[in-house]
Structure formats: C-alpha cells, structure tokens
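K.L.:
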Amino acid sequence: MMKKYLKALAIVAPTLSLILFMLIRNITISAIIIGAPLLSIFYLKRARNPSVRTLLLVTHVMELLAAAYALSGSLKQSISQLCRIESPVSGQFRSALLRIRSGVDPAESLKAAFQGNPWCSEWLESLLKGSVSDAQDLFSAWSAKAEEVILKVDDLLSFVIVFSTILPVIFLIILMVSGVEPPLIYLLVVFQLALFQGVYHWIKGLLSLLY
Amino acid sequence: MDKRSTLLTLLRPHPLGVVLAAGLVLTLQEHCEFVEVLAAGTAYLLLLNSAFNLDKFSLGEREVLTTSFLLSFAKTLGRTSPEAAFLRALGAEKRLETGLGGSKSVFGSGSRNCSKVPSGYTVAEVLRQIRDGVPLTVSLKRIRGLRGTDALLPDLLSDLLSFSSEETSKRICNYVKYRQEKERLKSSLSLKLAVVSLRFKVLTLICSSSMAVIAFASPIFYSMAGLRWTVIPLGYQTTFSFNAEIFLPSLSAAVFSAYAYSKLLPDVSGLRLSIASASLFFATEVALLLVIGWHI
Chain A
4 MMKKYLKALA
14 IVAPTLSLIL
24 FMLIRNITIS
34 AIIIGAPLLS
44 IFYLKRARNP
54 SVRTLLLVTH
64 VMELLAAAYA
74 LSGSLKQSIS
84 QLCRIESPVS
94 GQFRSALLRI
104 RSGVDPAESL
114 KAAFQGNPWC
124 SEWLESLLKG
134 SVSDAQDLFS
144 AWSAKAEEVI
154 LKVDDLLSFV
164 IVFSTILPVI
174 FLIILMVSGV
184 EPPLIYLLVV
194 FQLALFQGVY
204 HWIKGLLSLL
214 Y
Chain B
31 MDKRSTLLTL
41 LRPHPLGVVL
51 AAGLVLTLQE
61 HCEFVEVLAA
71 GTAYLLLLNS
81 AFNLDKFSLG
91 EREVLTTSFL
101 LSFAKTLGRT
111 SPEAAFLRAL
121 GAEKRLETGL
131 GGSKSVFGSG
141 SRNCSKVPSG
151 YTVAEVLRQI
161 RDGVPLTVSL
171 KRIRGLRGTD
181 ALLPDLLSDL
191 LSFSSEETSK
201 RICNYVKYRQ
211 EKERLKSSLS
221 LKLAVVSLRF
231 KVLTLICSSS
241 MAVIAFASPI
251 FYSMAGLRWT
261 VIPLGYQTTF
271 SFNAEIFLPS
281 LSAAVFSAYA
291 YSKLLPDVSG
301 LRLSIASASL
311 FFATEVALLL
321 VIGWHI
C-alpha cells in the first residue's frame, strides 16, 4: 500500500507543482488547466472499471487452472500445485487448499476462495455441476475469456491512440484561439503524460496475460 | 515495483526527457525569473522521466522446455524408461534445431529471442544428473526459475512419472494442446496489435505534421483571441516567420506522444518514431516557411 502512495505522490507532486506554477502565470487559462487533469481522471476511472479488473483476474485464474488441470487431471492436485507458483492469486489457491484439506469438495472450496472477488463465471458453475470432465472444457472456457481480453486490448489501445494523436491537435487550436501564452502549450504534454500514466499499467497487464 | 525502482524511474534522467525539458527552459526563460524556470524545468523533467523510464512492453521469452521437446518426450515415454526418453527427446530437439538454425540449443540460449534464460537449476543440470545416475523424478524436482504456467511442469511431471509413464504421456499431450491454444491466441493478439501499431504510426505522423501546420499558422489563431500578433498590422512577412516560443512546445507535444505511447506496442520503436515525428515536424515547418515566404 505504501508503495502505491509513494508512486502516486511521485507523479502527482511534480504535476501539481507544474500546474500551480502555470496557474500563477496566467489565471485566464485555469479552466483548461483544470480540465486536462479532470479528463485524465475521467479516463482513469474508466480504466479502473471493475470489468477490466475482473477480466484480468478471471482470465489469469482460468489459464492457471487449465494448464494445471491439463497436466495433473485432478482439480485437487491442480490447486495444490498452483499454491506453489508465484501469482497474484496464489493466496486464494492456498485458502482453497486449506478447505480441501478440511474435507470440502475441491470445486466448492475453489468457489469459496474466490467469493470475495467479482468473479462468478459460468465456467465455475459448470465445475460445481461436474460437467468439466476433460481439460478441453477448461481450454474452451479460458480461450473464450482470452478472446475477450484481446478485444478489450484492441478497444483500449484504439481509444488511447485517438486520445494521444488527435486530441493534442484539437487542444492546440483551442489553446491558441483562447489566447493562451505560448509557454502554457506545454500543458498539452502534461495532459498526455497523465493519460499515459493512467493507462500504461492496465494495458500492460492485459497484454501480459497472453505473452 | 519497489520503492527504489520507483525513485529510480523518477530520478534517472532520460536523454529525451532532458532534451524536452531544455526546450521548456528555453521557452520560459524570457517570461519568468531564474528560480521559476529552474523549478518548472525540474518538475517537468521528473514527469518526463516517470513516463520515459517505464519498461517497454515486449514479447514473452521462449519456453525452456519447448513444445517439440515435450511432444518427443511424450511419444518416447511409453516405450523406454523416463530417463532414456528424456535423453532421446533432448537429442531429437538438438538435431532439429541444429538442422534449422545452426547452433541453437534446446535450453533456449543462442537465439536472439532467448537471451534471458531463467536462472537456477536448468534442463542442462537435469541432463548432467541423469548421466550421473540420478532418477529423472528426483532431478526434475530441482528445476527452478521457469516462468508462468511452465513453473508447474517439473513438479507435476515428476509426480506423474512416479505414478505412470502412460498417464504422463497423455498429460503432456494435454499440456501441449494448451500451449497450442495459447499460441493461437497470441497470434490473434499479435495480428490485432500489428493493425493498431500501423494505425498509431500513421496517426502519430499525421499529428506531428498537423501540429507543425498549426504552429506555423498560430498568428491566425492568436488573432482570433484578439491579443497579439494580428496579421494585418504586422504584415504577412513578420507574422509568418519562425517563432521558437510556439515551435518548441508544439514539437515537444508531438515527440512526447510518439515516444511514450510506443511503449504500449511491441512492434513500434519509440526512438525511430519520435525521430520520424520530429523530422516531419521540421520538414513541414521549413516547407511552409519557404513556400509562404517565397509567395509573399
């Protein structure tokens, strides 16, 4: 948690000082200066949409389980192996294993372990019903989710590219027509930077699921 | 990312960041006091460092245990002992790779994509152990440093081999199916990324050229605000001349966009694109200055 704050502070502090400095230099441009970070925040909120987070989590868990199930052929052994490898969800697998050891059914314990997260896929339900009999079922479910990731990456990247290439041109004209002093055009870079910082880790997270 | 690397990302001066920050200092020096210029320049440099020093997204490393090796191992497993099957699969893999690409080895070293072989107890060590008479089930357990789902392989293979060779062979084939499915998904994503990359390159260059046109025509836009540089009183010759105050921030915005966002696309070289973007910006500006200057 501390690391997150430190990182946020490291980015926010110079941005704020730069914006404040610009504000002091020209009060009339305050609306545009405030507008740029607001737009970035709007975008950040959109990127932090739970659906992206859920998609990341679900696809990651599915991939791990599909690979482990393919090798072991048993859900219990898959969970026990997945506890050993370093991943953002190893804690959940550990808690599922503890339940299994206390006599709970593997599929039920898996569902219980992931209950706190926004994840309740059809695939997990089918596990409970016992319809997953072969690794192929897991592959198909994981593959369908991964296709969703690919579409999401495509959407997100296209959106970012439009923001990073077309918006600066429009903003530059708006700044000039508003009579902004030339040094304040650097705000365009600050705006682009805020947007970049906001989407970088999300896109990287989505891409690294498949690479 | 730990505290140290976060600070390093922020404080390690990036060459392009330094150049762009110098541009800001040059623009501000006529408008502000020395302390203000220094403060703004430093804050700007820190911000640029925080973006430019981030890792570029790159394609994944090659598997240590290749698909062809696994298939060959699974095929031979039912007929001989696990150790003999392992050695035979390694031999077949080596022959195949030597035939295809000269000196490439099964362990991933020797090829351009495989410069980062996971450290730790690798397949080469397993080979040595087998030759020393250690059972494969024992030596497999010692393999460390495999990434992603491959990290599951040694332990599970070892457990399966202790149980049944036939079952191991079947399970390896299942795992290979998973890998093939992942390869299919990867190629689908790569295809989409290639389209996005091309779109990004084209749009970046268009953006750069448009910024140059806007920077050149800035007196017209500023005249709309009614502040200064009105076209008529100054005359066209004075109005449409090179203006560093507008040129530098516009160029910065174009170059920043090209360099930073290229980090999200694996096939785009940020340096090349930012150089192309800056060159196009210059070329457009010079062409406009020459053409308009010649006509007026």
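Going down the list, the sequences are from chains A and B. Counting in the working numbering, the first sequence runs from 4 upward without gaps. Counting in the working numbering, the second sequence runs from 31 upward without gaps. For glycine and all other residues, C-beta sits at the position ideal for the given N, C-alpha and C.
Does the pairing of the region 275-287 of chain B with the region 187-206 of chain A give three or more beta-carbon distances under 8 Å?
P.N.:
With a cut-off of 8 Å, the region 187-206 of chain A and the region 275-287 of chain B count as touching, because enough Cβ pairs lie within range.
K.L.:
Any Cβ of chain A within less than 8 Å of the Cβ of I173(B)?
P.N.:
Looking up residue 173(B) in the second sequence gives position 143. False, the Cβ-Cβ gap to chain A never drops below 8 Å.
K.L.:
Shorter than 8 Å from the beta carbon of R104(A) to some beta carbon of chain B?
P.N.:
As a first step, residue 104(A) must be located in the first sequence, where it is residue number 101. Chain B has no Cβ within less than 8 Å of the Cβ of R104(A).
K.L.:
Do you know how far the Cα of A147(A) is from the Cα of L170(B)?
P.N.:
Reading the second sequence from its first residue, position 140 is the one you call residue 170(B). Reading the first sequence from its first residue, position 144 is the one you call residue 147(A). Straight-line Cα distance between these residues: approximately 33 Å.
K.L.:
By DSSP, does C237(B) sit in helix, in strand, or in coil?
P.N.:
Sequence index remark: in the second sequence, residue 237(B) carries index 207 (1-based). In the structure shown, C237(B) sits in a helix (DSSP, three-state: H, G or I).
K.L.:
How would you list, in chain order, the residues of chain A whose beta-carbon sits under 7 Å from the beta-carbon of I160(B)?
P.N.:
To locate residue 160(B), count along the second sequence from 1; it is residue 130. Within chain A, no residue comes near I160(B); the closest Cβ sits about 21 Å away, beyond 7 Å.
K.L.:
Pick out whichever of I250(B), L281(B), I202(B) and E275(B) has its Cα sitting closest to the Cα of S98(B).
P.N.:
Walking along the second sequence from the start, residue 98(B) turns up at place 68. Measuring from the Cα of S98(B), the nearest candidate turns out to be I202(B).
K.L.:
Less than 8 Å between C-beta atoms, sequence neighbours within five positions excluded: which residues of the same chain meet that for F87(B)?
P.N.:
Walking along the second sequence from the start, residue 87(B) turns up at place 57. For F87(B), where only same-chain residues beyond five positions count, the Cβ hits under 8 Å are K293, L294, L295 and P296.
K.L.:
If I measure Cβ to Cβ from S188(B) and keep anything under 6 Å in the same chain, skipping five residues before and after, which residues do I get?
P.N.:
On the second sequence, residue 188(B) is found 158 positions in, with the first residue counted as 1. These residues qualify, in order along the chain: T167, L170 and K171.
K.L.:
Note the first and the last residue of the continuous alpha helix (DSSP H) segment covering I340(B).
P.N.:
No answer is possible for residue 340(B): the residues shown for chain B start at 31 and end at 326.
K.L.:
First and last residue of the alpha helix (DSSP H) that includes N79(B)?
P.N.:
Taking the second sequence and counting its residues from 1, one reaches residue 79(B) at position 49. First-last of the alpha helix (DSSP H) with N79(B): F64 to F82.
K.L.:
Below 7 Å CB to CB, which residues in the same chain sit around G71(B) once its five sequence neighbours on both sides are set aside?
P.N.:
Along the second sequence, read from residue 1 onward, the residue named residue 71(B) stands at position 41. Taken in chain order, the residues that qualify are A51, L54 and V55.
K.L.:
Going by alpha carbons, who is nearest to L209(A) out of L113(A), L159(A) and L190(A)?
P.N.:
As a position in the first sequence, residue 209(A) is number 206, starting the count at 1. Taking only the C-alpha atoms, the option nearest L209(A) is L159(A).
K.L.:
Using 8 Å as the cut-off, can you tell me whether the region 81-91 of chain A makes contact with the region 174-184 of chain B, which would need three or more C-beta pairs spanning the two stretches below that distance?
P.N.:
yes
K.L.:
At 8 Å on the CB atoms, spell out the chain B contacts of Q200(A), in chain order.
P.N.:
Taking the first residue of the first sequence as position 1, residue 200(A) is located at position 197. Those within 8 Å of Q200(A) in chain B are S80 and A81.
K.L.:
Could you tell me the alpha carbon to alpha carbon distance between A99(A) and S81(A), rounded to whole angstroms?
P.N.:
For the purposes of this step, residue 99(A) is identified with residue 96 of the first sequence, where counting begins at 1. For the purposes of this step, residue 81(A) is identified with residue 78 of the first sequence, where counting begins at 1. Roughly 11 Å separates the two Cα atoms.
K.L.:
Give me the chain A residues within the contact set of F230(B), using Cβ-Cβ distance strictly less than 7 Å, ordered along the chain.
P.N.:
Looking up residue 230(B) in the second sequence gives position 200. I164, listed in chain order.
K.L.:
Which whole-angstrom value describes the C-beta separation of I244(B) and S280(B), a residue pair presumed to lie in contact below a C-beta threshold of 8 Å?
P.N.:
The residue you call residue 244(B) lines up with position 214 of the second sequence. The residue you call residue 280(B) lines up with position 250 of the second sequence. Confirmed, Cβ separation roughly 7 Å.
K.L.:
Can you list, in chain order, the residues of its chain whose CB lies under 6 Å from that of L100(B), leaving out five sequence neighbours each side?
P.N.:
To locate residue 100(B), count along the second sequence from 1; it is residue 70. For L100(B), where only same-chain residues beyond five positions count, the Cβ hits under 6 Å are I202 and V206.
K.L.:
Run the CB neighbour count on I160(B), radius 10 Å, all protein chains shown included, and call it buried at 16 or more, exposed below.
P.N.:
Translated into positions along the second sequence, residue 160(B) becomes position 130. Label assigned to I160(B): buried.
K.L.:
In terms of residue numbering, what span does the alpha helix (DSSP H) encompassing H204(A) cover?
P.N.:
Within the first sequence, residue 204(A) is the residue found at index 201, counting from 1. From DSSP, the alpha helix (DSSP H) with H204(A) extends over L190 to S211.
K.L.:
Should the region 222-233 of chain B be called in touch with the region 141-157 of chain A, which here means at least 3 C-beta pairs below 8 Å?
P.N.:
yes
K.L.:
For a cutoff of 8 Å on Cβ pairs, would you count D140(A) as touching chain B?
P.N.:
Against the first sequence, residue 140(A) aligns to sequence position 137. By this cut-off, D140(A) is not an interface position.
K.L.:
Going straight from the alpha carbon of W205(A) to that of W145(A), what length do you get?
P.N.:
In the first sequence, counting from the first residue as 1, residue 205(A) sits at position 202. In the first sequence, counting from the first residue as 1, residue 145(A) sits at position 142. Distance between the alpha carbons of W205(A) and W145(A) is about 20 Å.
K.L.:
Measuring straight from C-alpha to C-alpha, what distance separates R102(A) and A73(A)?
P.N.:
The residue labelled residue 102(A) in the question sits at position 99 within the first sequence. The residue labelled residue 73(A) in the question sits at position 70 within the first sequence. Each residue's CA atom was taken as its position, placing R102(A) and A73(A) some 22 Å apart.
K.L.:
DSSP three-state label for E113(B), please.
P.N.:
Numbered from 1 along the second sequence, position 83 holds the residue referred to as residue 113(B). Note: E113(B) maps to helix in three-state DSSP.
K.L.:
For E275(B) and chain A, any beta-carbon pair shorter than 8 Å?
P.N.:
Numbered from 1 along the second sequence, position 245 holds the residue referred to as residue 275(B). Taking CB atoms only, E275(B) has a neighbour in chain A less than 8 Å away.
K.L.:
Beta-carbon of K105(B) versus every beta-carbon of chain A: anything under 8 Å?
P.N.:
Here the question's residue 105(B) lines up with position 75 in the second sequence. It does not: the Cβ of K105(B) has no partner Cβ on chain A nearer than 8 Å.
K.L.:
Please classify H63(A): does DSSP put it in a helix, a strand, or coil?
P.N.:
Within the first sequence, residue 63(A) is the residue found at index 60, counting from 1. Residue state, collapsed to three classes: helix.
K.L.:
Helix, strand or coil, according to DSSP, for I88(A) in the structure here?
P.N.:
Reading the first sequence from its first residue, position 85 is the one you call residue 88(A). Assigned with DSSP and collapsed to three states, I88(A) falls in coil, not helix or strand.
K.L.:
Taking the alpha-carbon positions, what's the A116(A) to S304(B) distance?
P.N.:
As a working note, residue 116(A) is residue 113 in the first sequence. As a working note, residue 304(B) is residue 274 in the second sequence. If you take the alpha carbons of A116(A) and S304(B), they lie about 47 Å apart.
K.L.:
Roughly how far, in whole angstroms, is the beta-carbon of Y291(B) from the beta-carbon of S167(A), given that I think they are within contact range, below 8 Å?
P.N.:
Locating residue 291(B) in the second sequence gives position 261, counting from the first residue. Locating residue 167(A) in the first sequence gives position 164, counting from the first residue. Y291(B) to S167(A), Cβ: 5 Å. Contact.
K.L.:
Given L117(B), which residues of its chain have a CB within under 7 Å of its CB, disregarding the five upstream and five downstream residues?
P.N.:
Residue 117(B) sits at position 87 when you count from the first residue of the second sequence. Counting only Cβ-Cβ distances below 7 Å, and skipping sequence neighbours, we find I160.
K.L.:
Excluding the 5 residues flanking A71(A) on each side, which residues of the same chain have their C-beta closer than 6 Å to its C-beta?
P.N.:
Residue numbering aside, residue 71(A) sits at position 68 when the first sequence is read from its first letter. Only S81, Q84 and L85 meet the Cβ criterion.
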